[in-house]
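Working notes for the structure below.
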Ligand code: PMP
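Here is the structure:
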């Protein structure tokens, strides 16, 4: 792992600080996008010496690329333990594209089932596509936690919702890990309940795939996941496509949503026949070969290290970060944060006293070179609920967005393979300074806070 840590692009890039100096950034925004694993560069570069379009079948370069592209599908499928009756489809974009596609596929496959159950903790990408393409969406609430540290999905409410809507339920869509709190959901247990009601289980693995092992196959067949979606740019492979890993049977007999070259057996001016072959029929047009090869090479590296080890390493760092963050005066961590990290990845959302989240994120960057994200992380209902439960306006009191269009929100620090205790220390030092001198920082951002 230590050797791999040095193999990421962007860790030593210097950025200007407010005092006129420059410093390499401390990157704590991997939940938005991970940095590029440059250990895969050489493999990709060598492969791309043969670059040619996979649709040209008889020259050597094209055949090599076709072979590598097929292999890339296999490597990605293996990464999530996909059995033979699953297909791996590269999508044009990330999980957003994957979930939109699958919502339409499943709506068309089972039109009589026009309801989806999801949870309150979802990213908008695992909510809006179901509303748009399937119909009604029921959002399962969070656990009622007497300590006010809530953040987990209420599994008994989930089971009750499944029972109540069994006749209309198409699928349960759940995230494997929250992009706000890092809390990991028991997706196989969710799948078992969904299957018992004749429904499917669709998993958003955008946040979890680079951080904890994920297996499409559960402990037994009843717990297998039917669909898993991932994003290449969150798997240390920016520029790579997203992936859908799904049961082949879900696509069978349906017209692909995107049609064109590369997926047809025969075309006349008045009719066409689409190939039965998967994933070809779901990948019309020229594929993003460099991106697919990069993703496969990166996942191969991760697989060689072992995702168990990756997860354990991140858990230790997340534990360290949680303990150090929790000790900062006036810092509120959202979600269940009993300082135990067995069931969460390294994503920590917080606010610092009543400082606007935009001010905190800007100051971390401008004065300390610490890169974090702020606002609602495309999970507005969840963020609102967490803020409400914590009885806190989300640092919105005087202009959360450093401008007149204020929105409640949070600051988020998130970990990747390259982060170390020194990165956490840098963030803690910065936050402690903000906690100690809030008025000085307010003064620096006064024009923006006033909206002028
Ligand atoms: N789901 C979750 C949990 C996410 O964190 C994200 C990205 N922030 C998405 C879905 C959407 O992924 P993408 O932007 O790659 O489509």
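Residue numbers (UniProt numbering): 23 to 474. Where a beta carbon is used, it is the ideal one built from N, C-alpha and C, also for glycine. Keep in mind the model is a prediction, meaning the values are calculated, not measured.
Thinking just about the alpha-carbon of each residue, which of the options is nearest to the one in residue i?
| i | options | result |
| --- | --- | --- |
| residue 279 | 343, 429, 23 and 304 | 304 |
| residue 364 | 207, 117, 190 and 395 | 207 |
| residue 126 | 91, 32 and 272 | 272 |
| residue 381 | 320, 470 and 400 | 470 |
| residue 369 | 203, 294 and 82 | 203 |
| residue 234 | 383, 332, 82 and 120 | 332 |
| residue 119 | 413, 253 and 343 | 253 |
| residue 114 | 261, 284 and 236 | 261 |
| residue 450 | 392, 200 and 86 | 392 |
| residue 274 | 301, 116, 452 and 259 | 301 |
| residue 374 | 403, 433, 323 and 346 | 433 |
| residue 183 | 138, 151 and 152 | 138 |
| residue 147 | 460, 399 and 467 | 399 |
| residue 12 | 461, 345 and 295 | Shown here, the chain extends from 23 to 474; a query on residue 12 therefore has no answer. |
| residue 156 | 40, 140 and 438 | 140 |
| residue 265 | 49, 288, 282 and 309 | 309 |
| residue 335 | 42, 439, 468 and 150 | 439 |
| residue 25 | 405, 144, 324 and 409 | 324 |
| residue 236 | 267, 167 and 79 | 267 |
| residue 342 | 321, 444, 173 and 257 | 444 |
| residue 284 | 133, 50 and 299 | 299 |
| residue 33 | 40, 41 and 50 | 50 |
| residue 431 | 388, 441 and 372 | 372 |
| residue 452 | 385, 297 and 338 | 385 |
| residue 194 | 36, 166, 153 and 167 | 153 |
| residue 269 | 99, 74 and 38 | 99 |
| residue 243 | 228, 216, 227 and 78 | 216 |
| residue 412 | 188, 166, 340 and 326 | 166 |
| residue 405 | 442, 40, 281 and 355 | 355 |
| residue 188 | 135, 46, 240 and 77 | 135 |
| residue 48 | 465, 379, 327 and 436 | 436 |
| residue 255 | 295, 294 and 317 | 317 |
| residue 410 | 133, 164 and 121 | 164 |
| residue 103 | 143, 448, 232 and 238 | 238 |
| residue 201 | 37, 105 and 231 | 231 |
| residue 143 | 403, 259 and 307 | 403 |
| residue 145 | 196, 296 and 185 | 196 |
Mind checking who residue i pairs with in its DSSP beta bridge?
| i | result |
| --- | --- |
| residue 372 | 355 and 433 |
| residue 412 | None, per the DSSP bridge assignment. |
| residue 342 | Residue 342 pairs with nothing; no bridge assigned. |
| residue 264 | 113 and 253 |
| residue 59 | 30 |
| residue 294 | 289 |
| residue 36 | 46 |
| residue 88 | Partner(s): none; residue 88 has no beta bridge. |
| residue 269 | 108 |
| residue 397 | 432 |
| residue 158 | 137 |
| residue 392 | 48 |
| residue 324 | In the DSSP output, where bridge partners are listed per residue, residue 324 has none listed. |
| residue 164 | 175 |
| residue 366 | 205 |
Got a sec: is the Cβ-Cβ distance from residue i to anything in chain C below 7 Å?
| i | result |
| --- | --- |
| residue 149 | Considering every chain present, this structure includes no chain C. It has just one protein chain. |
Counting beta carbon pairs with one atom in the region 237-251 and one in the region 309-317, are three or more of them shorter than 8 Å? no
Please give me, in chain order, every unbroken run of the alpha helix (DSSP H) with length at least 4 that falls completely inside the region 174-261. 177-186 and 209-218
For the region 441-456 against the region 340-352, do three or more pairs of beta-carbon atoms, one drawn from each stretch, fall closer than 8 Å, so that the two count as touching? yes
I'd like to know if the region 92-100 and the region 47-67 are in contact, where contact means that at least 3 CB-CB pairs between them fall below 8 Å. no
Whole alpha helix (DSSP H) elements within the region 434-459, 4-residue minimum: 443-458
Taking three-plus beta-carbon pairs below 8 Å as touching, is the region 210-219 in contact with the region 174-182? yes
Segment contact, 8 Å Cβ cut-off, at least three pairs: the region 127-134 with the region 96-115: no
Any chance the region 52-59 sits against the region 25-32, with 3 or more Cβ pairs inside 8 Å? yes
At a cut of 8 Å, does the region 70-87 reach the region 217-235 through at least three beta carbon pairs? no
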